[in-house]
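S.K.: The C-terminal position of the sequence shown is numbered 221 in the numbering used here, with every residue numbered one higher than the one before it.
Just so you know, even glycine gets a beta-carbon here, dropped at the ideal spot from N, CA and C.
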Amino acid sequence: MTDKLRCRAVIFDFDGTLADSMPFLAQIGVEVMMRFYGVSKEEAVDRYKSTTGLPYEHQIKLNFPDHDANEEAIEVFEKMKIDRIFEQEIFPESEGTLNLLKQKGFTLFVSSSTFQSTITEYFLRLNMDEYFTEILGYRPGFEKGAHHFNHVLEKHGIPLHEVVFIGDSIKDYERSKDFTQFVALEGMFTRSDFEEAGHLDHIIANLAELEPILELIPE
Ligand SMILES: [Mg+2]
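#1: Can you determine whether any heavy atom of ligand 1 sits closer than 8 Å to the C-beta of G18, and answer yes or no?
#2: Starting from E73 and walking both ways along the beta strand (DSSP E), at which residues does that stretch end?
#3: When we look at the beta-carbon of A148 and count the other beta-carbons within 10 Å, is it buried (16 or more) or exposed?
#4: Pop quiz: S96 and L212 are said to be a contact at Cβ under 8 Å. What is the actual Cβ separation, rounded to whole angstroms?
#5: For L100, report the span of its beta strand (DSSP E) as first-last.
#6: Count the other C-beta atoms from every protein chain shown that fall within 10 angstroms of the C-beta of S178, then say buried if there are 16 or more, exposed otherwise.
#7: On the DSSP letters alone, give me the boundaries of the beta strand (DSSP E) that G139 sits inside.
#8: Looking at F184 and I168, is the spacing between their C-beta atoms short of 9 Å?
#9: Leaving out the 5 sequence neighbours to the left and right, which residues in its chain are closer than 7 Å to K43 when beta-carbon positions are compared?
#10: With H, G and I counted as helix, E and B as strand and the rest as coil, what does DSSP make of H183?
#11: Should G55 be listed as close to ligand 1, given that the test is whether its C-beta is under 8 Å from any heavy atom?
#12: According to the Cβ coordinates, are M82 and M190 closer than 9 Å?
#13: With DSSP run on the structure shown, which of helix, strand or coil describes F66?
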């Protein structure tokens with residue numbers, strides 16, 4: 003049996019972890035790459051997938067360094083995202099999981115590559131903002147990964163070895179290394195994708211499997 007992860011706080015990735023938004027984001031992300039860079043659909047899917055979990059701005063700059071179209075492509079993507087992100091539904095297990103963990107005494111955060119105002123508004127509209135001690139969104143210089151993790155440590159005083167980060171992308175796993183414990187949620191990436199990347203344990207297929215593998219560190 004899998005060892006339980008002892009923690010005080012849980013940080014949730016947003017897209018593809020709490021919200022079923024990955025099919026939509028991948029679709030517009032791929033569309034923009036095809037339109038602005040003239041790549042085939044197959045190539046765009048590969049380029050999108052290999053960098054997913056990062057802000058789209060970084061996905062573009064990693065894939066097409068110094069390209070003239072970058073600024074416009076990023077702007078078009080963000081506009082398409084904001085127009086339709088509020089239509090993207092939360093996973094059916096999300097609210098039950100948050101509620102249970104909160105009741106048990108875990109401190110909960112969101113860490114997202116979505117702009118701060120958008121992600122805050124998303125949870126306000128669903129009346130779910132109160133589950134979280136803080137919702138951390140993206141702005142240049144403050145992103146999911148080291149910045150958000152250090153913020154949790156410094157502002158909230160929670161040691162990072164007492165934190166579990168749960169995400170659905172390989173980049174999420176890579177960014178958790180040297181900072182927090184990690185739980186992988188299968189979806190866009192499979193168990194074997196995570197294993198190949200070096201994450202061998204604590205891989206779940208559904209958010210409902212999260213609470214049973216966590217153990218609260220008492221105050
Ligand atoms: Mg994600």
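M.R.: Checking against the coordinates, here is how it stands:
#1: yes
#2: Note, E73: premise wrong, no beta strand (DSSP E); alpha helix (DSSP H) at N72 to R86.
#3: exposed
#4: The pair is not a contact, with the Cβ atoms about 10 Å apart (cut-off 8 Å).
#5: That residue, L100, is in no beta strand (DSSP E); its alpha helix (DSSP H) goes S96 to K106.
#6: buried
#7: E136 to Y140
#8: yes
#9: V32 and M36
#10: The sequence as given places Gln at residue 183; His does not occur at that position. Looking at Q183 - three-state DSSP - the assignment turns out to be strand.
#11: yes
#12: no
#13: coil
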